[in-house]
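Down below is the structure, laid out as structure tokens.
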Amino acid sequence: MFHNSTLRRLTLCGLLLTAATSCDVLTQDVPTALTKEDAFANATKIQQTAIGMYDQLQNAEFLGGRALIYSDIRSDDTNPASFFGNIGTLNPLAGDGTVLLAWTGGYRSLYGANFFLQEIAKNSGKVPAALEANYIGEAKFIRALIYFHLVNLWAQPYNFTPDASHPGVVLQLTAPDAGTAFDDSQSKPRATVKQVYTQMETDLTDAIAALPETYATDFEKTGRATKDAARTLLSRIYLYEGRYADAAAMAGTVISGGRHSLGASPAVPFTAATFNNPESIFSVAMNVNDNPNTNNALGQHYLKRADISVNPYALIPLSQFPLADRRRTLLLLPTAVPASTTSPLIFTQKYKEASADYVPIARYAETLLNRAEGLAQTATGVSPEAITLLNQVRDRSKPATSASYTVADFADKNALIEAILLERRLELAFEGHRYYDLMRYKRNSSRVNYGADRAILPIPLVDIQQNSRLVQNPGY
Numbered sequence: 001m002f003h004n005s006t007l008r009r010l011t012l013c014g015l016l017l018t019a020a021t022s023c024d025v026l027t028q029d030v031p032t033a034l035t036k037e038d039a040f041a042n043a044t045k046i047q048q049t050a051i052g053m054y055d056q057l058q059n060a061e062f063l064g065g066r067a068l069i070y071s072d073i074r075s076d077d078t079n080p081a082s083f084f085g086n087i088g089t090l091n092p093l094a095g096d097g098t099v100l101l102a103w104t105g106g107y108r109s110l111y112g113a114n115f116f117l118q119e120i121a122k123n124s125g126k127v128p129a130a131l132e133a134n135y136i137g138e139a140k141f142i143r144a145l146i147y148f149h150l151v152n153l154w155a156q157p158y159n160f161t162p163d164a165s166h167p168g169v170v171l172q173l174t175a176p177d178a179g180t181a182f183d184d185s186q187s188k189p190r191a192t193v194k195q196v197y198t199q200m201e202t203d204l205t206d207a208i209a210a211l212p213e214t215y216a217t218d219f220e221k222t223g224r225a226t227k228d229a230a231r232t233l234l235s236r237i238y239l240y241e242g243r244y245a246d247a248a249a250m251a252g253t254v255i256s257g258g259r260h261s262l263g264a265s266p267a268v269p270f271t272a273a274t275f276n277n278p279e280s281i282f283s284v285a286m287n288v289n290d291n292p293n294t295n296n297a298l299g300q301h302y303l304k305r306a307d308i309s310v311n312p313y314a315l316i317p318l319s320q321f322p323l324a325d326r327r328r329t330l331l332l333l334p335t336a337v338p339a340s341t342t343s344p345l346i347f348t349q350k351y352k353e354a355s356a357d358y359v360p361i362a363r364y365a366e367t368l369l370n371r372a373e374g375l376a377q378t379a380t381g382v383s384p385e386a387i388t389l390l391n392q393v394r395d396r397s398k399p400a401t402s403a404s405y406t407v408a409d410f411a412d413k414n415a416l417i418e419a420i421l422l423e424r425r426l427e428l429a430f431e432g433h434r435y436y437d438l439m440r441y442k443r444n445s446s447r448v449n450y451g452a453d454r455a456i457l458p459i460p461l462v463d464i465q466q467n468s469r470l471v472q473n474p475g476y
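Going by the UniProt record's numbering, the residue at position 192 of the sequence shown is 192; the numbering climbs one at a time, nothing skipped.
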């Protein structure tokens with residue numbers, strides 16, 4: 001895949017996955033007591049192993065929270081975050097240990113999905129066909145989600161070259177075992193960004209066809225992949241590719257389905273008692289025995305340990321982000337505008353529920369804004385429907401004295417697009433979006449310029465040294 005030492009670490013995941021039949025591994029048999037045959041022996045074991053993929057998704061170095069952090073701390077909405085070493089100061093080295101942990105964490109999570117897909121194919125027929133398809137859809141959604149973060153952390157944006165032919169990340173679609181992990185064929189080169197995006201589209205299209213619209217329990221509605229989760233992620237991917245009509249259509253399918261709605265306030269999706277709510281389409285679910293009790297959780301870094309302060313976000317001009325905006329009054333601490341980027345320090349309260357903190361992946365607010373952006377980009381003039389969608393998100397939080405937008409407020413479509421991008425910045429802050437929104441519009445962050453070598457992370461040096469087919473990012 002990359003090099004022998006990485007594969008040595010990852011091939012252990014096959015056994016670990018078979019043990020991860022719930023989010024609390026303390027009640028499970030030890031990994032050495034389980035085999036692949038055990039994990040896929042019958043319908044009950046297969047169900048447990050499918051749920052184990054979500055346990056892998058909680059990887060503390062990746063989608064347990066760090067993947068979102070490594071995007072946002074390079075944006076223009078946070079102060080420099082020295083806790084994360086050279087990633088936080090935008091000067092990582094190829095040998096950086098934090099970068100290596102993130103890279104390995106992402107591919108370890110990926111191994112779980114690939115392992116499940118590989119083994120369920122060998123054991124087809126042990127569960128009803130529809131349920132088997134459901135499990136496969138979940139694995140493909142998880143794989144696409146992981147690749148979305150891998151390719152955006154380690155590769156330049158999709159539009160960096162006209163045909164997205166620049167280096168992406170390694171496309172690994174199998175789960176080698178100990179007998180094949182060291183074959184020369186596993187030393188893979190980087191796929192192009194186009195190839196990675198095509199794979200994500202394929203996986204999500206397959207997932208949409210196979211996944212249910214919803215599940216029976218509140219936990220499953222948010223913590224397991226659904227059609228709307230896959231549709232929302234695919235609409236985001238279409239935006240990144242500049243396929244605006246497709247993005248609008250895909251997000252529109254979620255909206256017209258009527259299964260989701262905005263909470264009464266912008267704090268609802270981030271309150272422990274309401275984590276499983278109609279606004280949260282998909283989250284990496286946690287419980288008190290999981291990542292929130294570690295130093296890797298979002299709630300630890302953004303508030304409890306206070307490693308990440310968000311003064312630049314709080315300093316957005318009041319004409320754009322009023323004092324009475326509920327995202328300021330409910331989700332910032334303190335709520336006042338700071339004197340500078342250093343005094344007093346401002347923190348987000350989105351993740352204050354650190355005892356059970358979910359990692360937000362897809363929210364209905366994003367879906368509304370995805371469709372709004374797609375419509376605004378493809379309209380010949382100012383799109384009334386895009387304004388309606390924008391108002392749905394904005395009106396929930398804006399001061400009562402601020403009027404809703406009308407067509408007359410926008411000189412042209414570009415002015416509307418800017419308003420939508422501002423709303424994305426205000427609404428989706430610290431959820432892993434802002435930096436990528438800047439990059440896909442070829443804009444500079446206050447921290448790093450678009451297209452700069454240091455705008456993306458280096459491929460870990462140990463992989464480069466042991467895989468001659470793996471090409472390093474420029475500048476490293």
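All C-beta atoms in this analysis are idealised placements derived from N, C-alpha and C, irrespective of residue type, glycine included. Quick caveat, the model's predicted, so the values are computed rather than measured.
Please list the terminal residues of the continuous beta strand (DSSP E) segment that includes residue 478. No answer is possible for residue 478: it lies beyond the span of the chain, which begins at 1 and ends at 476.
List the endpoints of the continuous beta strand (DSSP E) containing R363. First-last of the beta strand (DSSP E) with R363: V359 to R363.
For Y313, which option in R66, I73, G52 and Q58 has the closest C-alpha, if you only look at C-alpha atoms? Here the closest residue by C-alpha is I73.
Helix, strand or coil for P176, going by three-state DSSP, please let me know. In the structure shown, the three-state DSSP call for P176 is coil.
Please say whether A372 and L390 have beta carbons closer to each other than 8 Å? Yes, they are a contact pair.
For P167, list the residues DSSP reports as bridge partners. Its beta-bridge partners are T192.
For Y441, count the other beta carbons within 10 Å of its own beta carbon; 16 or more makes it buried, fewer makes it exposed. Which is it? Counting Cβ neighbours within 10 Å, Y441 comes out exposed, since fewer than 16 surround it.
Which class does residue 477 belong to by DSSP, given the choice of helix, strand or coil? For residue 477 there is no data in the structure shown, the boundaries of the chain being 1 and 476.
If you compare alpha carbons, which of P269, F321, L93 and L262 is closest to P460? Comparing Cα-Cα distances from P460 to each of P269, F321, L93 and L262, the minimum goes to L93.
Any idea what DSSP makes of D29, helix, strand or coil? No answer about D29 holds up, because its pLDDT of 40 lies below 50 and its placement is not dependable.
Does the Cβ of T174 have 16 or more other Cβ atoms within 10 Å, making it buried, or fewer, making it exposed? In this structure T174 is exposed. Its beta-carbon is surrounded by fewer than 16 other beta-carbon atoms within 10 angstroms.
What would DSSP say about V288, mapped onto helix, strand or coil? It is coil, neither helix nor strand.
Buried or exposed: which applies to N467, given that a residue is buried once 16 or more other Cβ atoms fall within 10 Å of its Cβ? It is buried - the Cβ of N467 has at least 16 other Cβ atoms within 10 Å.
If you follow the alpha helix (DSSP H) that V151 is part of, which residue opens it and which one closes it? Per DSSP, the unbroken alpha helix (DSSP H) holding V151 starts and ends at A129 to W154.
For S185, report the span of its alpha helix (DSSP H) as first-last. From DSSP, S185 is part of no alpha helix (DSSP H); its letter is neither H nor E.
Report yes or no: do the stretch 243–255 and the stretch 326–340 share at least 3 C-beta pairs separated by less than 8 Å? At 8 Å Cβ cutoff, the stretches do not touch.
Could you please give the first and the last residue of the uninterrupted alpha helix (DSSP H) stretch that includes Q472? Looking at the DSSP string, Q472 is not in any alpha helix (DSSP H), and its letter there is neither H nor E.
Buried or exposed: where does F219 fall if 16 or more other Cβ atoms within 10 Å of its Cβ makes it buried? Under this definition F219 is an exposed residue.
Out of S397, K398, N370 and R396, which one is the CA nearest neighbour of E385? Relative to the Cα of E385, the nearest Cα in the group S397, K398, N370 and R396 belongs to N370.
With burial defined as no fewer than 16 other Cβ atoms inside 10 Å of the residue's Cβ, what is the status of V193: buried or exposed? Per the 10 Å Cβ criterion, buried.
Can you name the residues that DSSP bridges to S340? Per DSSP, none; premise fails for S340.
Is A365 buried or exposed, if buried means 16 or more other CB atoms sit within 10 Å of its CB? By the 10 Å Cβ count, A365 comes out buried.
Output needed for P80: all residues of its chain with C-beta closer than 7 Å, excluding positions within five of it in sequence on either side, in chain order. Contacts found: G88 and T89.
F410, DSSP secondary structure in three states: It is coil, neither helix nor strand.
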